[in-house]
Amino acid sequence: MDLFEKIKNNRGPLGQFAKAGQGYFFFPKLEGEIANKMVFRGKEKLVWSTNNYLGLANHPEVRKVDAEAAKEFGLGSPMGSRMLTGNTNYHEALEKELAEFLGKEDTILLNYGYQGMVSAIDALVDRNDVVVYDSESHACIVDGVRLHQGKRFVYTHNDIAKLEKQLTRATNIIEKTNGSILVVTEGVFGMAGDQGNLKDIVALKKKYNFRLFVDDAHGFGTMGKTGAGVGEEQGVQDEVDIYFGTFAKAMGSIGAFISSTENVVEYLRYNSRSQIFAKSLPLPLVIGASKRLELLRDNPKIKEKLWEVAKALQSGLKEAGFNLGNTQSPVTPVFLSGGIGEGANLVLDLRENFNIFCSVVVYPVVPKDTIMLRVIPTAMHTLEDVKYTIDAFSNIAGKLNAGEYRGKEIVAGS
Ligand SMILES: Cc1ncc(COP(=O)(O)O)c(C=O)c1O
């Protein structure tokens, strides 16, 4: 079959909904300053889906530094990959600052978190090694594991007994291959907001020989006393052997990093293909990230504000009878019962009549007949926003339970 013909007929798991959802459920355009309120299709909405946890994307000091750096260096500088022509004192200084902040020996900057994570897994393990990873791991972990040429074992999400079983299998294998074991988990699971059970995972190090790699995309900047993430939160930061964080969430920017021992970081510098064969992170992003880190480090009030909003939102929703699963972070999933069509109509109602914009997750990401509203509080939200949203959610949940969203035509479009 002609490739283009095949693609025409098979649009992929999400692409099959493109006609119904383009511009509304998929690729919506949120306009205006990144804030709690933004404009969607010409109308102001209360937005709960930006991942701008600390509100740094639009912090006035950050905006000033971003703009000055762009003016001074342009967006192209430096050209080339770090290894060849794209290294600068700014990159190295930021790596040092991050390592210090996280209590690690060294850090490597990544031009994108996703690619960086894929490459790091690819670089760290070879065919003799075994990767053991959580079943709800982010796509970048799954794709990294896909590149792995040795055995990989998945364990049921956060199930320590299952992890131990897989570690036993992995140990049997590496005894024959003379390889090593890498365990990979998320710190904060970005979809449902629960934490990787790092404390219990780390305790298994007494029995099994493995290294722990934590993708803390949602925990960096939000969790732990200083914002150093879930390792800090659970008191096991030193036992997190390799720590991944991104600038794309709490830092409100783009780029990412991995912190570990000097030895591991140097190894990654010389072996991570997505960094060796791709352009260096532009200077305005590096300088901007440094400013963001300074604010996170020196201005704890910002994180306190995030948590004030997150706690008010989560306790208010629970009091109103909502099921928030097992969230242990600002990520606030709201689980409702209903099919895909009902979920779509509910979101339409929420957006058009209550002017609330949040993401909706349906089957197959969550079980059949589950609708998950994914609500991300930030330091920019107010307690009035929280109250308004809880009231609106109570209203739509009542309609959902009364069957009002069933069987309606989904009206959306670009
Ligand atoms: C858990 C997790 N890991 C990695 C990434 C990728 O990070 P980046 O946006 O920096 O590529 C994300 C972002 O969606 C994420 O949620």
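Under this note's numbering, the first residue of the sequence shown is numbered 2, with each subsequent residue one higher. Where a beta carbon is used, it is the ideal one built from N, C-alpha and C, also for glycine.
Counting along the chain, the unbroken beta strand (DSSP E) around Ser360 starts and ends at Ser360 to Val362. In the structure shown, the three-state DSSP call for Glu106 is coil. Segment contact: the stretch 341–354 against the stretch 159–173, fewer than three CB-CB distances shorter than 8 angstroms; contact not assigned. Annotated three-state conformation of Val367 is coil, per DSSP. Thr227 and Leu384 have their C-alpha atoms roughly 24 angstroms apart. The shortest C-alpha to C-alpha distance from Val146 to any of Lys166, Ile175, Tyr115 and Glu176 is the one to Tyr115.
Taking C-alpha positions only, Leu205 is separated from Glu165 by approximately 8 angstroms. For Ser330, no alpha helix (DSSP H) run applies, since DSSP gives it neither H nor E. With 16 or more other Cβ atoms inside 10 Å of its own Cβ, Asn112 counts as buried. Distance between Gly197 and Glu6, taken at the CA atoms: about 43 angstroms. Excluding five sequence positions before and after Leu199, the CB atoms of its chain that fall closer than 8 angstroms to its own CB belong to Thr186, Gly188, Leu213, Val215, Val231, Gly232, Gln235, Val237, Glu240 and Val241, given in chain order. DSSP, reduced to helix, strand and coil, places Ser395 within a helical segment of the structure shown. Between Glu98 and Ser291, the alpha-carbon positions lie close to 8 angstroms from each other.
Using a 10 angstroms sphere on the CB of Glu32, the tally of other CB atoms stays under 16, which defines it as exposed. Taking C-beta separations shorter than 7 angstroms and ignoring five residues to either side along the sequence, the partners of Ala36 in its chain run Asn59 and Met381, following chain order. The C-beta separation of Thr108 from Val266 comes to about 6 angstroms, placing the pair in contact by the 8 angstroms criterion. In this structure Leu57 touches Leu296 by the C-beta definition: roughly 6 angstroms separates them, less than 8 angstroms. Under the criterion of beta carbons closer than 8 angstroms, Ile303 and Leu95 do not qualify as touching, at roughly 19 angstroms. In the DSSP assignment, Arg153 falls within the beta strand (DSSP E) that extends over Lys152 to Tyr156.
Sixteen is the threshold: when 16 or more other Cβ atoms of the shown chains lie within 10 Å of the Cβ of Arg375, as they do, the residue is buried. If you draw a straight line from the Cα of Leu125 to the Cα of Gln167, it comes to about 19 angstroms. Annotation for Glu187 indicates a beta carbon within 6 angstroms of some heavy atom of ligand 1. In this structure, Ser82 lies near Ile277, with their beta-carbon atoms less than 7 angstroms apart. Under the three-state reduction of DSSP output, Ala21 falls in the helix class. According to DSSP, Ser261 shares a beta bridge with Asp107.
Secondary structure at Phe278: coil, using DSSP grouped into helix, strand and coil. Taking 6 angstroms as the cut-off, the C-beta of His139 counts as close to a heavy atom of ligand 1. Short note on Thr247: C-beta closer than 6 angstroms to some heavy atom of ligand 1. The Cβ atoms of Glu62 and Glu263 do not sit closer than 7 angstroms to each other. Positions of the alpha helix (DSSP H) runs, each at least 4 residues long and wholly inside the stretch 193–271, are given as 199–204 and 231–234 in order along the chain. Non-local C-beta neighbours of Leu15 in its own chain, meaning closer than 8 angstroms and more than five positions away in sequence, comprise Phe27, ordered along the chain. Bounds of the alpha helix (DSSP H) holding Glu69 are Pro61 to Phe74. Gly220 is classed as buried because its beta carbon has at least 16 other beta carbons within 10 Å across all chains shown.
In this structure, the beta-carbon distance from Ile259 to Tyr91 does not fall below 7 angstroms. When distances are taken from the beta-carbon of Gly191 to the heavy atoms of ligand 1, the shortest one is below 6 angstroms. For Gly104, the CB contacts under 6 angstroms within the same chain, skipping 5 residues up- and downstream, are Gln238 in chain order.
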